[in-house]
Structure formats: structure tokens, C-alpha cells
Ligand code: ATP
Ligand code: MG
């Protein structure tokens, strides 16, 4: 495997989906790969962000990376806007990507909602910036949650079209998504058909990485379920995962089971066998204990780190320097390929 790139937006409440779908997998990948982990503040401003909040949340996401176990000395951690290559390459990709491609992006449709005319242009071209993030480093693998699969495919299309249009075969690699396990799509605690999201108005929809034991207990107790007891073996597909039909019939129940499986590192089939026929009040107690044991440490380390912004800022400054070292020669080649005169 070549180089890994991934990012999280500093848009607020980091949640269990960000941890299980992304950050936790990065911690595992960093053992054997060169990794670049980015706090993508340019992406964040595609929807309005209060400037002071944006700065605070940039530090908070950095703290989450470090608290979860990212090694910022061995790998690179920085905030996107400190490296100009992202915005420069994104402009070039705005001229490579086609309107028809962007019109198919479901995230834009979801985030712009009914008021599409009033969405920022940045929100629309968000996937082009994401392609630039990855390709400014010629990254080959991108660990993300399931919701980003479509954007990754667009990044590949952009890389391919750039290589073709400029007769530069193989210049950009075609980046591949790395999507892991049962928690690649953690759903809202209030609605099992919606993904858990930072931007959901209800704090009860998500488990935040900084929630303390009381908050975890309360949110899990209040999480939506259904009156039936926990499912048995009939809920499993032949491959041992939860069957799609079973998930569709009881989305909230299977979301909690998937969260338990991911946090305990157990296979879905083992989790089903463990709790078959039990009621949810029992299961929720066990899940709460597990969540407190696994997330509690990370949350308190985040709070400790956030009390010392100097340490966090030093990590970001050093990461940005090293990120520029990698992207600068790649951008120089891109500019030459495109035909920008340098005198
Ligand atoms: P926003 O609502 O502002 O888009 P978000 O919760 O989607 O916030 P992002 O910063 O956009 O968070 O995504 C960071 C990473 O977390 C991405 O890799 C994304 O795929 C992953 N991710 C986000 N939500 C989930 C989820 N519910 N389950 C699994 N992975 C998720
Ligand atoms: Mg998102």
C-alpha cells in the first residue's frame, strides 16, 4: 500500500460514527503505512461556521486524533487551510470535473435539502476539493465511512480524466477507499435510517467522543428501539453479518448491535448469539458499560489536551510544514503539466 490520506471536518460534535467509521481505523493503519491526517477546515466552511468556533473545533478534532492514538510525530496531522496546495489543486479540478458528475452526488442533495438555490457553491464542489486533498499528496488509499464512497469514486474519475486530458498516464494514482467492518455506517440513535452526524440538531441523536459516563448512560437508555426482544440467529446472513432484510425491519435495534460489535471487536454473529431473546433494557446496560470503558478514556484525554492549546498548535504547525514538503513538488509538476507559465 502506498500513502494514506483522510480527514475530518471541524464542524462540531465529533461522534461515535467519526470514531468507528474513520479515526479508529486510522490508528490501526498507522502501524504499517505512511499517513496524512487532516482537519479539513476548508470543507467546514461550505456551511456557515462561526470563526471563533471554527478555531476551537479545529483544536478539538486535533485533540481527538491524538487522544485516540494517532502518532503525530511519525505521521502528519495538520489543518487543511495551512497548505495552499489543497485550494490550488481544487481549482484545477473544478475545471476537470463535469457538472453531470457533481449532479449525482447524494451528499449535496441531502445537505442542501429543499433550499438548494441557497446552498453555497462550495458545498456543491466539495467533492472536487476532496479529490484535491487526496491527490495533492498522490495518496493511494483513503480510509472513510461508507457515506464517502461516492465521493471517492468521483476522486478516481477526476484523477483518470486529468491523466487522460493532459496525456500524463499514471500521473495521479486512482485512490481507493478503505471501508471497514460493521460500523462503517453508524446510524442516529433517534432514527435508524439516518446516519449519525455532527450536524444533526439533536444531541440525543449521537454519542459524542467527549460524552462522560452519565451522558453516555442517558443517551443509550433513551435510544430508540422497538418492543421485540433482541434477535436470534434468523437475523444473520450466510456470511455471518446481520441480514439486510433484518436491518431494514429493525434499523435501530441493529444499529445498537453493530455499535456493540464494533466497540467490543466481536463478530456480529457472536453478538447475536450472546444476546438472543434478551430484552433491550439489559442490552443497553451492557452497551453503556462498554461505551464508558472504551470512549471514556479518549474523552478525558481529549479534554486534557484541549486545556493546552499550545501543544496542539505546535502539532499542527509541524504537520503543515511536512505536508507542504510533500505537496509542493507534486503541485509544481501539476502546474507544468497544465501549462502554467513559470518565469
Ligand atoms: P457533517 O455532518 O458535518 O458532514 P460528519 O459527521 O459527516 O459531519 P465528517 O467530518 O463529514 O463527519 O466525516 C469524517 C469521517 O467520518 C468520514 O470518513 C466519514 O465517512 C466518517 N463518518 C461520518 N459519519 C459517519 C457515520 N455515521 N458512520 C460511520 N462513519 C462516519
Ligand atoms: Mg460528513
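Residue numbers (the numbering used here): -17 to 325.
We treat Cβ as the ideally placed atom computed from N, Cα and C, and that holds for glycine.
Comparing alpha carbon positions, the residue from 255, 40, 301, 278 closest to residue 194 is 278. In summary, residue 183 is exposed, with fewer than 16 beta-carbon neighbours lying within 10 Å of its beta-carbon over all protein chains present.
Under the DSSP assignment, residue 61 falls in the beta strand (DSSP E) whose first and last residues are 58 to 61.
Around the beta-carbon of residue 315, fewer than 16 other beta-carbon atoms lie within 10 Å, marking it exposed. Where residue 274 is concerned, the enclosing alpha helix (DSSP H) starts and stops at 262 to 288.
Counting along the chain, residue 291 sits inside the alpha helix (DSSP H) bounded by residues 291 to 320.
Counting along the chain, residue 124 sits inside no alpha helix (DSSP H); it lies in the beta strand (DSSP E) bounded by residues 123 to 125.
Taking the Cα positions, residue 262 is about 27 Å away from residue 6. Per DSSP, residue 257 lies in no beta strand (DSSP E); the unbroken alpha helix (DSSP H) holding it starts and ends at 250 to 257. Residue 105: member of the alpha helix (DSSP H) spanning 103 to 117, first to last residue. Taking the CA atoms as reference points, residue 288 sits about 30 Å from residue 176.
A residue is called buried when at least 16 other Cβ atoms come within 10 angstroms of its Cβ; residue 250 meets this threshold and is buried. Residue 127 has its CB nearer than 7 Å to a heavy atom of the ligand ATP. Beta-bridge annotation (DSSP): residue 87 is not paired with any residue.
The Cβ atoms of residue 23 and residue 70 lie no closer than 8 Å to each other. When the five nearest sequence neighbours on each side are left out, the beta carbons in the same chain lying within less than 8 Å of the beta carbon of residue 179 are those of -3, -1, 170, 187, 188, in order along the chain. For residue 136, there is no enclosing beta strand (DSSP E); the residue is found in the alpha helix (DSSP H) stretching over 131 to 147. Following the DSSP letters along the chain, one finds residue 33 inside the alpha helix (DSSP H) bounded by residues 33 to 50.
In this structure, the beta-carbon distance from residue 140 to residue 113 falls below 8 Å.
At a cut-off of 7 Å, the beta-carbon of residue 87 does not count as near the ligand ATP: no heavy atom of the ligand is closer than that.
For residue 3, the shortest C-beta to heavy atom distance toward the ligand ATP is below 7 Å.
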